[in-house]
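Numbering (the UniProt record's numbering), first residue to last: 1 to 274.
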């Protein structure tokens with residue numbers, strides 16, 4: 001790698017300062033030489049280490065840019081990933097969750113499906129075997145943010161910038177019964193989610209948008225972490241956010257976002273933006 005350790009640590013401190021101060025920073029990709037993806041993941045790993053050192057605990061992973069229909073919009077053409085922390089994830093209560101837009105830079109909302117791991121998968125597993133590693137499936141909203149102005153960035157910026165993760169709100173995890181595994185595999189490849197705001201329909205998307213479904217996203221993440229040199233690994237109990245099935249939309253205080261799911265035994269959610 002071209003970047004030395006001091007540069008990596010300085011990049012991580014800049015990311016943390018931006019997160020804490022809710023302010024944006026210049027894109028790493030405008031530097032000469034610009035960091036490559038390996039160097040961006042090194043910065044991301046340093047951010048993880050610094051967040052853990054101050055008491056935050058990773059509880060899972062978000063996989064971003066799994067939705068191939070938005071690749072051209074953001075000029076990022078492959079999935080990325082980064083940790084979800086205990087400080088930013090919370091369950092909905094009676095189908096309603098809240099988050100504050102003021103905590104994030106240019107926040108946007110993404111409706112997603114989350115998987116909870118019982119066992120650590122192998123990337124060579126077929127869908128049925130991957131599903132056997134999952135003990136619960138939930139619907140959630142991820143609020144994403146851009147530490148780079150106007151949502152303009154290169155892939156390396158998104159990786160260094162915490163994979164654009166802001167916070168995650170989710171409904172209850174529905175258990176996966178082995179007797180229903182074949183039905184689950186079928187449904188996970190065909191479901192759809194409709195997204196609305198304040199009673200107005202906004203967008204709709206389905207499993208085909210996110211690499212063909214959540215199990216394909218899980219396989220991609222497993223392979224990606226296996227190839228990652230920073231010691232990142234999946235653990236039983238991890239929650240995997242598998243990416244937005246619709247486009248991502250800006251949010252602001254006072255809005256109420258709603259989702260409706262068809263094809264999965266999961267309830268929609270309401271997210272109130274404070």
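Just so it is clear, CB atoms sit at the ideal spot from N, CA and C, and this is done for glycine as well. If you're wondering where the values come from, they're calculated on a predicted model, not measured in any experiment.
Check: Beta-carbon within less than 7 Å of residue 87's beta-carbon, same chain only, minus the 5 sequence neighbours each way: which residues are those?; Outcome: 56
Check: Inspect the beta-carbon positions of residue 223 and residue 123 and report whether they are closer than 8 Å.; Outcome: yes
Check: Ordered along the chain, which non-local residues of its own chain (more than five positions away) have a Cβ less than 8 Å from that of residue 156?; Outcome: 28, 29, 34, 35, 36, 37, 39 and 40
Check: Start and end of the alpha helix (DSSP H) containing residue 17?; Outcome: 5-21
Check: Could you tell me whether the region 221-235 touches the region 152-171, using the rule of 3 or more Cβ pairs below 8 Å?; Outcome: no
Check: Return the bridge partner residues of residue 260 from the DSSP annotation.; Outcome: 194
Check: By Cβ distance, which residues of its chain are closer than 6 Å to residue 42, with the 5 residues on each side in sequence left out?; Outcome: 8
Check: Using a Cβ cut-off of 8 Å (strictly closer), state whether residue 83 contacts chain D.; Outcome: The displayed structure is made up of one protein chain only, and chain D is not part of it.
Check: Provide the residue(s) that pair with residue 81 in DSSP beta bridges, ordered along the chain.; Outcome: 63
Check: Do residue 273 and residue 253 have their beta-carbon atoms positioned less than 8 Å apart in this structure?; Outcome: yes
Check: Between the Cα of residue 131 and the Cα atoms of 151, 176, 15 and 204, which residue gives the shortest distance?; Outcome: 176
Check: According to the neighbour-count rule (16 or more other Cβ atoms, all chains shown, within 10 Å of its Cβ), is residue 111 buried or exposed?; Outcome: buried
Check: Between which residues of its own chain and residue 1 is the CB-CB distance below 7 Å, once the five residues before and five after are set aside?; Outcome: Note that residue 1 scores 47 on pLDDT, short of 50, meaning its location in the model is unreliable; the coordinates nonetheless yield the value given after this. Once the five neighbours on either side are set aside, the close Cβ partners of residue 1 are 38, 39 and 42.
Check: Leaving aside the five residues before and after residue 142 along the sequence, list all residues of the same chain whose C-beta is less than 6 Å from its C-beta, in chain order.; Outcome: 110, 112, 168 and 241
Check: Considering only residues of the UniProt domain "Fumarylacetoacetase-like C-terminal" (107-264), which uninterrupted beta strand (DSSP E) runs meet the minimum length of 3 residues and lie entirely inside it, listed in chain order?; Outcome: 108-117, 134-144, 165-170, 192-197, 200-206, 239-241 and 256-262
Check: With a threshold of 16 other CB atoms inside 10 Å of the CB of residue 238, please say whether the residue is buried or exposed.; Outcome: buried
Check: Could you tell me the distance, in whole angstroms, from the CA atom of residue 158 to the CA atom of residue 251?; Outcome: 19 Å
Check: Are the region 147-154 and the region 177-192 in contact at 8 Å, needing three or more beta carbon pairs?; Outcome: no
Check: If I measure Cβ to Cβ from residue 45 and keep anything under 6 Å in the same chain, skipping five residues before and after, which residues do I get?; Outcome: 230
Check: With DSSP run on the structure shown, which of helix, strand or coil describes residue 35?; Outcome: coil
Check: Would you call residue 134 buried or exposed, if buried means 16 or more other Cβ atoms sit within 10 Å of its Cβ?; Outcome: buried
Check: With distance defined between alpha-carbon atoms, name the residue in 59, 269, 89 and 68 nearest to residue 77.; Outcome: 68
Check: Over the uninterrupted alpha helix (DSSP H) stretch that includes residue 72, give me the two end residues.; Outcome: 71-74
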